[in-house]
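The structure under discussion appears below in the form of structure tokens.
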Amino acid sequence: MEIIQLNPAIPRQRRRIEQFLGDNGLRLDDVDYYATLVDETTDEIVAGGGLKGGVIKCVAVADGHKGEAVANQIVSHLIAQANADGHQCVKLFTKPQNQRMFESMSFRLLAEAPKAILMETGIGGIKRYSEELESEKGKVKSEKSDGESEKGKVKSEKSNGKLHHLNTSPQQPIMPPSGIIIMNCNPFTLGHRYLIEQAAQQVQTLYILVVREDCSMFSYDERKAMIVRGVAHINNVVVCDGSEYSISATTFPTYFLKCLSDASDTQMTLDIDLYRRHIAPALGATVRFVGTEPDDPLTRRYNELMKSMLPDVREVARLEKSGVVVSASRVRKAIVENHLAQAARLVPPTTVPYIVAHMATRALKAELNTTPKPGLVDTHDSGAHRDMDHALMMRSIRAMHPYFVRLATLGYDSPQLPAHDDIVRIGIEAEKAMFNSTGGVNTYKGALFSMGLAVTAATYIIGRGEVATTTHGKEYVPNSLLSTTIIQLANGFPDTSGTHGSRAKQLAQAGRKLKSALDNAREGYSQLFGEWLPFYETRIKGDDSYVKHKTLLRIMCDLDDTNIVYRTDYDTMLQVKTEARRLLEDFSEAGIEDMNRDFVSRNISPGGSADMLALVVFLFGITRKD
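Each residue of the sequence shown is one higher than the one before, starting from 4 at the first, in the working numbering.
Here's what the structure looks like:
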């Protein structure tokens, strides 16, 4: 018999896996890798098992071959494969009756529920994580006076009421030594902060554990940073590293449960059992804090199970604002709708830079996904670019995102206008990340410059509290102040050399003035704020389904697009302006497609205009007042 890999992504091979598992009373769960032990004479699958990351799933042995140690062969192979993929510790979910069999293969029990157990083998694991948690005990911040701040590092708000100064007078019972909150914070909201503030008043030390799984809008690093910044004013809170020991939807299997309805209770029971066996003891915690759940039945059930399994579970009523519960989902909805003001009302100020960074990234994606576009990469084709496609561009955007986060926090935390050298250093690192992600192809160097300035300017204004307020009490970032701040930042940059823009200026004939990306920034993007942004806003309010296409054409009418000059010549750029104006006056999607075919044949790519479209989308979300 030999071990043969079957690929679940290939329909024919997937059907074979499903048939084998079905014959053995199991379902195929989410796996990336599936290995089978096959009888060479009959081509029969004798045993099989799959992997999802470092988790073994869907292990089965065919009838007639049980007791032949074939399960050991499959499991040993899967452990070796997981190790080769970088997972030193391998986990396994299985039925309780299989515990002894897997213990004989060196697996250790982590948690158990009536219908499933969680086991692991390998180096580190829960023992190492428990030791890491134990090292966090006693790391409580020294108390600071109410007026003290960490200037230049983190700006935080003081909470209302008393801030957790321990009172051990005879009139009051001694508080429990420590408690725990486990939270996702996608993103960190006023509701999360309220829960932490309330809990911190009930224990001597409060530990926050952040869910590590990266399946959220905000990454683990972002979510943890938001919490750290958002609780800087609370003296007895310690934010700990999260771990993979929070059973997730992606890793928890349902393949051996008779009813899928069993899965949620089993998953939650395992999660709680793992917590009480390992995590709570490591931190010496006797109290678990949760928020009440008025809407989600699954979360409500989780709270009920915790109360039945743990000695002290305390529910804190969810924070409401204007009669509505504050939730991270409402914030994410505002981000998707490109509305900073709506999102900002639901989060601490320290969360806002992360929202701004995501809005910048989403604006670049919005431009990329606008289809069709003339001569530009979109979801249908690569336009006039032979070295780029949609996947490459998307990879490049993802690579730049962490640097938008850094620029956003730089702007927010700076008591004075951010230093030019700091901006440049982050920009250079972002460029390197972009080129690494694309194999050296320049996808967004121009957009990185313009968007980076705008992100830094916006968060600098917000961090200084210089937002404006409408007559209805809604805060927004004023256009004029944004433009002025961008001018101040851009004036710190010297004239460029060696860029496409500087080369285009050289290619333009004498007497023909050509504005580069830096020139436009030094003018505070006067055309953008004066013409393109109002054009976009008007059509957004009119529910124009082609708002981005038309705004792109509107920009092409005006912008000295140095990318066109670099790829062709100055006269071609002037022709593009005329052609864009003509199509805008008589717009049709077919006209855009015709223009794309023409631009491809002439090697025309209005890349500078595309960068400005992304900037318009971003700044609309930052400045809107509705």
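Backbone N, C-alpha and C fix where the C-beta goes; we use that ideal spot for every residue, glycine too.
If you look at Tyr-210, you'll find it in the beta strand (DSSP E) that goes 208-213. If only complete runs of 4 or more residues are kept, the stretch 257-333 shows the alpha helix (DSSP H) at 264-277, 283-286, 300-312, in order along the chain.
DSSP places Ile-184 inside the beta strand (DSSP E), whose first and last residues are 181-186. By DSSP's assignment, Glu-123 forms a beta bridge with Lys-94, Arg-111. DSSP lists Ala-38 as the bridge partner or partners of Gly-52. Scanning its chain for C-beta atoms nearer than 6 Å, with the 5 sequence neighbours on each side dropped, one finds around Asn-187 the residues Val-214, in chain order.
Excluding five sequence positions before and after Thr-446, the CB atoms of its chain that fall closer than 7 Å to its own CB belong to Met-391, Leu-395, Met-396, Ser-399, Met-437, given in chain order. Around the beta carbon of Gly-443, fewer than 16 other beta carbons lie within 10 angstroms, which makes this residue exposed. Cα atoms of Ala-461 and Gly-52: separation of roughly 51 Å, rounded to the nearest angstrom. By the Cβ-count criterion, His-383 is exposed, with fewer than 16 other Cβ atoms from all chains shown falling within 10 Å of its own Cβ. When DSSP assignments are scanned along the stretch 377-436, the uninterrupted stretches of alpha helix (DSSP H) that are 4 or more residues long and fall wholly within it turn out to be 393-416. Ranked by Cα distance from Phe-407, the options Pro-297, Met-309, Glu-434 are led by Glu-434. Taking 7 Å as the cut-off, the Cβ atoms of Asn-189 and Met-229 do not count as close.
DSSP places Val-444 outside both helix and strand once states are collapsed to three, so it counts as coil. Per DSSP, the continuous beta strand (DSSP E) segment holding Ala-63 begins and ends at 58-64.
A contact is defined here as three or more CB-CB pairs under 8 Å, and the stretch 621-629 meets this definition with respect to the stretch 345-362. Per the Cβ contact rule, the stretch 552-572 is in contact with the stretch 535-544 (3 or more Cβ pairs under 8 Å). Residue environment for Asn-494: exposed (fewer than 16 other C-beta atoms within 10 angstroms of its C-beta).
With 16 or more other CB atoms across the displayed protein chains lying within 10 angstroms of its CB, Asp-416 is buried.
Proximity of the stretch 195-207 to the stretch 95-108 falls short of the contact definition, fewer than three beta-carbon pairs being nearer than 8 Å. Within the same chain, Cβ atoms closer than 7 Å to the Cβ of Ala-320 are found at Thr-295, the five residues on either side in sequence being excluded. Restricting attention to Leu-9, Ser-453, Gly-25, Ile-129, the CA atom closest to the CA of Val-619 is found in Ser-453. Of the candidates Tyr-357, Asp-424, Glu-134, Glu-134 places its Cα closest to the Cα of Ala-285.
If you check the CB distance, Val-93 and Gly-127 do not come in under 7 Å. Cβ contact annotation for Cys-560 (same chain, cutoff 8 Å, sequence separation greater than five): Lys-580, Ala-583, Arg-584, Leu-587, in chain order.
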